[in-house]
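Trainee: Just so you know, the sequences run in chain order F and X. If you're matching positions, the first sequence starts at 243 in the numbering used here and goes up one per residue. If you're matching positions, the second sequence starts at 189 in the numbering used here and goes up one per residue. Quick one: the structure is below, and I'll ask about it shortly.
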Amino acid sequence: MSGIKLTGVSKSFGAVKVIHDVDIEIQQGEFAVFVGPSGCGKSTLLRMIAGLEETTGGQIRIDTEDVTRREASKRGVAMVFQSYALYPHLSVFDNMAFSLSIARRPKAEIDAKVRAAADILRLGDYLSHKPSQLSGGQRQRVAIGRAIVREPRVFLFDEPLSNLDAELRVKMRMEIARLHRQIGATMIYVTHDQVEAMTLADKIVVLKAGVVQQVGEPLELYRNPDNMFVAGFIGSPGMNFLKARVMSAAAGRLVVELEDAPGVPFDVPGTAGVPLGKGIFLGVRPEHIALGEREGSVPLKATAEFIEELGGTGYLHALTATGAEMTVECRGEERPHPKQAIRLSLDPKEMFAFSERGERLR
Amino acid sequence: MQRKTIGNILLLALTLCVACMWAFPIYWAVVTSIKPEHEVVTKTTFIPDVFNFSAYYFALFETNLAAWYVNSLITSIGVTIIVILISVMCAYALSQIVFPGRRLLYGIILASFMVPSQALVVSQFVLMYRFGLINSWGGIILPQLIIPVVVIVYKQFFDSVPKELREAAKLDGCGDFQILFRLYLPLNWGITTALAIITYIMAWNAFLWPFLVTNSEDMMTVTVGITQVDDAFGVKYARDMAVAILAAMPVALAYLLFQKRVTQALMLSSGIKG
Ligand SMILES: Nc1ncnc2c1ncn2[C@@H]1O[C@H](COP(=O)(O)OP(=O)(O)O)[C@@H](O)[C@H]1O
Ligand SMILES: [Mg+2]
Chain F
243 MSGIKLTGVS
253 KSFGAVKVIH
263 DVDIEIQQGE
273 FAVFVGPSGC
283 GKSTLLRMIA
293 GLEETTGGQI
303 RIDTEDVTRR
313 EASKRGVAMV
323 FQSYALYPHL
333 SVFDNMAFSL
343 SIARRPKAEI
353 DAKVRAAADI
363 LRLGDYLSHK
373 PSQLSGGQRQ
383 RVAIGRAIVR
393 EPRVFLFDEP
403 LSNLDAELRV
413 KMRMEIARLH
423 RQIGATMIYV
433 THDQVEAMTL
443 ADKIVVLKAG
453 VVQQVGEPLE
463 LYRNPDNMFV
473 AGFIGSPGMN
483 FLKARVMSAA
493 AGRLVVELED
503 APGVPFDVPG
513 TAGVPLGKGI
523 FLGVRPEHIA
533 LGEREGSVPL
543 KATAEFIEEL
553 GGTGYLHALT
563 ATGAEMTVEC
573 RGEERPHPKQ
583 AIRLSLDPKE
593 MFAFSERGER
603 LR
Chain X
189 MQRKTIGNIL
199 LLALTLCVAC
209 MWAFPIYWAV
219 VTSIKPEHEV
229 VTKTTFIPDV
239 FNFSAYYFAL
249 FETNLAAWYV
259 NSLITSIGVT
269 IIVILISVMC
279 AYALSQIVFP
289 GRRLLYGIIL
299 ASFMVPSQAL
309 VVSQFVLMYR
319 FGLINSWGGI
329 ILPQLIIPVV
339 VIVYKQFFDS
349 VPKELREAAK
359 LDGCGDFQIL
369 FRLYLPLNWG
379 ITTALAIITY
389 IMAWNAFLWP
399 FLVTNSEDMM
409 TVTVGITQVD
419 DAFGVKYARD
429 MAVAILAAMP
439 VALAYLLFQK
449 RVTQALMLSS
459 GIKG
């Protein structure tokens, strides 16, 4: 069992606390993704698991062993860096063989392991090349190969695809997913790109300012976000938020009115006990808003601003009367002109209610 | 087109002039060394009337030159290897290892860079005397091992090695010595070659210290030894020149041989850092 368990893990650089009491459990063989905006502490947390950064508080367990104070090389983890960190003076073969030669393994074993890894990653023809002779994608594969050769209990990836162009990124994403299926090892992957997180992860950990916001499967986070931050971060384009007021509350339901559509009360799922008349936020995703009027929907007037055209779909950016920005997914043919007054229909069943402080009301 | 050619010719002429000014003393030394002694003092000839190698015969077989050569070779190579070894370790520690007093230590090394080695000669002499190292290779080598600039250059190169490389090596199971000798040193091979050659040339050419620490003729280095030729036999220009040329030969050869390697290696080492 190479599961990983973090309990109350925290980290300070001097007086600045950047990781706050993180509790996460990752199962053996799971692909976990740490996602969050730049500077939220993803890399720091990953480096603490790797043993490259000292842990200030809490406990890190791998395979139920406490590794909190253990040296990096003795934790059985391998890491793939964003910059690849290949040894420039060594050939591809020697880069992958490096850890084994440090461990003084027999030549035949090193050779067999490196060749096996090179096969998995289709690097066989490049073994004698120097890293400088390789393309970005190939370098990335060598970096992954170097990790595979060590047969680690846990693979750690720190934004491994950010230095690649968009097309290659999608390809490498598939390769990493394939690798995970093939090897079945526990993997932790750090990215700021929620699309990468959604497509790769078995389990997503959303971080903000060193605090875990929510842990769950990709679709669970999409369908059932715990707070406004997760709701806004997961899903692309992001969720729209509109100000609303609570008119009355019944068991599990709130009757609310949008500031932009006063006099049109409707029901959303939500906790009873929210003070009446209190301001809340309603979140609705671009894909749950339709152009024109629909039966059973909440109508909203807005002004079209511009369209991000993708061909099959387009994303309409619009402003409501109170100045709230809205993104609306347009399928089919219909596309409003800029400055055109439009009517939108919001599906109340797909709405999420959040308190003023951003907590989910449910 | 025309104007450009004229400009080029002028530039070429100027370059040749300056080159001649540099080369002439060397040429003069060589020519003098193969003249008979009486021709040197009686007339000014740019090409000797007769070629006479007796000065070289004298230098090779009737002085202690062979011993001086051995002394110079051993002390220079010794200085080079030890300087590179301790500097590289010192620079690695200063650059990569966090320990209390690290900044202060680096400050002291920087400051000692500004102290001329001549200022330390007296205390070093006393020290070597107490160690019983007068007239020994150890006595010649030890005080020459303080070359702060080598540490400083190495530290600067080590500072610019991406920190992920060191972390990757750590995860691959390397200790600090392995990181230094299997990663940082090979990554900076170019600068090591250059620093080694410069150190070697400095050690070979060193005069003041070897002159002070040796007084028995068979422990002298070449640079000190050639002054003895002068003392023992009065001014004999051809002989002096022959000895001087033989003394300078290894350094000149080393430089000519490695000149390409030094520049090439330097360029390579800055190229692979991507
Ligand atoms: N060595 C360090 N010293 C001081 N602060 C640091 C150090 N490393 C990271 N930080 C701070 O910790 C926070 C998290 O950084 P990081 O983990 O790199 O974020 P992310 O990878 O999510 O972009 C940032 O505010 C950063 O400035
Ligand atoms: Mg990061």
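All C-beta atoms in this analysis are idealised placements derived from N, C-alpha and C, irrespective of residue type, glycine included. Since the model is a prediction, treat every value here as computed from it, not as a measurement.
1) Please list the partners that D347/X has in chain F, where partner means a Cβ-to-Cβ separation under 9 Å.
2) Would you call the segment 315-330 of chain X in contact with the segment 338-355 of chain X, where contact means no fewer than 3 C-beta pairs closer than 8 Å?
3) Beta-carbon within less than 7 Å of T286/F's beta-carbon, same chain only, minus the 5 sequence neighbours each way: which residues are those?
4) Measuring only between beta-carbons, confirm whether A356/X sits less than 8 Å from chain F.
5) Which runs of the alpha helix (DSSP H) fall wholly inside the segment 240-292 of chain X and span at least 4 residues, in chain order?
6) Using a C-beta to C-beta distance shorter than 7 Å, which residues of chain X count as neighbours of E340/F?
7) L375/X touches chain F at which residues, Cβ-Cβ below 9 Å?
8) Taking 8 Å as the threshold, find out whether the segment 301-316 of chain F comes into contact with the segment 440-455 of chain F through three or more Cβ pairs.
9) In the segment 388-422 of chain F, which residue ranges form an unbroken beta strand (DSSP E) of at least 3 residues, counting only runs that do not cross its ends?
10) Counting along the chain, where does the alpha helix (DSSP H) carrying K343/X start and finish?
11) Going by the CB atoms, is the gap between Q324/F and E409/F shorter than 8 Å?
12) From K231/X to T220/X, what does the alpha carbon distance come to, in whole angstroms?
13) For ligand 1, I want to know if F471/F counts as a neighbour, meaning its beta carbon is within less than 7 Å of at least one of the ligand's heavy atoms.
14) Could you tell me the distance, in whole angstroms, from the CA atom of G462/X to the CA atom of K343/X?
15) Taking the straight line between their C-alpha atoms, what separation do you get for Y464/F and M440/F?
16) Taking only the alpha-carbon atoms, compute the straight-line gap between L202/X and M408/X and give it to the nearest angstrom.
17) Measuring only the C-alpha atoms, how far is S458/X from V334/F?
18) According to the neighbour-count rule (16 or more other Cβ atoms, all chains shown, within 10 Å of its Cβ), is A382/X buried or exposed?
19) Nearest CA to the CA of H422/F: which residue from D435/F, R411/F, A443/F?
20) Kindly indicate which three-state DSSP category Q375/F falls into: helix, strand or coil?
21) Buried or exposed for Y280/X, going by 16 or more other Cβ atoms inside 10 Å?
22) Which two residues bound the contiguous beta strand (DSSP E) that contains V319/F?
23) In its own chain, which residues sit with a C-beta less than 6 Å from the C-beta of I460/X, not counting the 5 before and 5 after it?
24) Any idea which residues DSSP pairs C572/F with across the strands?
25) Does F323/F come within less than 8 Å of chain X when only Cβ atoms are used?
26) For a test of your reading of the model: does the CB of T286/F fall under 7 Å from any non-hydrogen atom of ligand 1? Yes or no.
27) Which of the three DSSP states is assigned to S490/F in this structure?
28) Are the C-beta atoms of P366/X and some chain F residue less than 8 Å apart?
29) Mind checking if I612/F is an interface residue toward chain X, Cβ cutoff 8 Å exclusive?
30) Could you spell out where the beta strand (DSSP E) holding S254/F opens and where it closes?
31) Between F246/X and the rest of its own chain, which residues show a CB-CB distance below 8 Å, the 5 nearest in sequence each way excluded?
32) So, at 8 Å on beta carbons, what are the nonlocal neighbours of I297/X in its own chain, with the 5 sequence-adjacent residues on each side left out?
33) Across which residues does DSSP place M429/F in a beta bridge pair?
34) Report yes if the C-beta of E401/F is less than 7 Å from at least one heavy atom of ligand 2; otherwise report no.
35) For H226/X, count neighbouring Cβ atoms within 10 angstroms of its own Cβ and tell me buried if that reaches 16, exposed if not.
36) Looking at M470/F and F596/F, is the spacing between their C-beta atoms short of 8 Å?
Mentor: According to the structure data:
1) Neighbours of D347/X on chain F: none; closest Cβ ~17 Å, over 9 Å.
2) no
3) K253, V260, I261, E295
4) yes
5) 242-249, 253-284
6) Checking the sequence, you will find Phe at residue 340/F rather than Glu. By Cβ distance, chain X contributes D360.
7) Y329, P330, H331
8) no
9) 396-400
10) 336-347
11) no
12) 11 Å
13) no
14) Because the pLDDT of G462/X is 28, which lies under 50, any placement of that residue in the model is unreliable, and the number read from its coordinates should be weighed accordingly. Near 19 Å, if we compare the C-alpha coordinates of K343/X and G462/X.
15) 9 Å
16) 42 Å
17) Caution applies to S458/X, whose pLDDT of 45 falls short of 50 and renders its modelled position unreliable; the model cannot decide the point.
18) buried
19) A443/F
20) helix
21) buried
22) 319-322
23) Residue placement at I460/X cannot be trusted, given a pLDDT of 34 that sits under 50; the coordinates are not used to answer.
24) G556/F
25) yes
26) yes
27) strand
28) The amino acid occupying residue 366/X in the given sequence is Gln; Pro does not appear at that position. Yes, because at least one Cβ of chain F sits closer than 8 Å to the Cβ of Q366/X.
29) No information on residue 612/F is available, as it lies outside the stretch 243 to 604 that chain F covers here.
30) 246-255
31) R427, A430
32) C278, L282, P336, V339, I340
33) F273/F, F397/F
34) yes
35) exposed
36) yes
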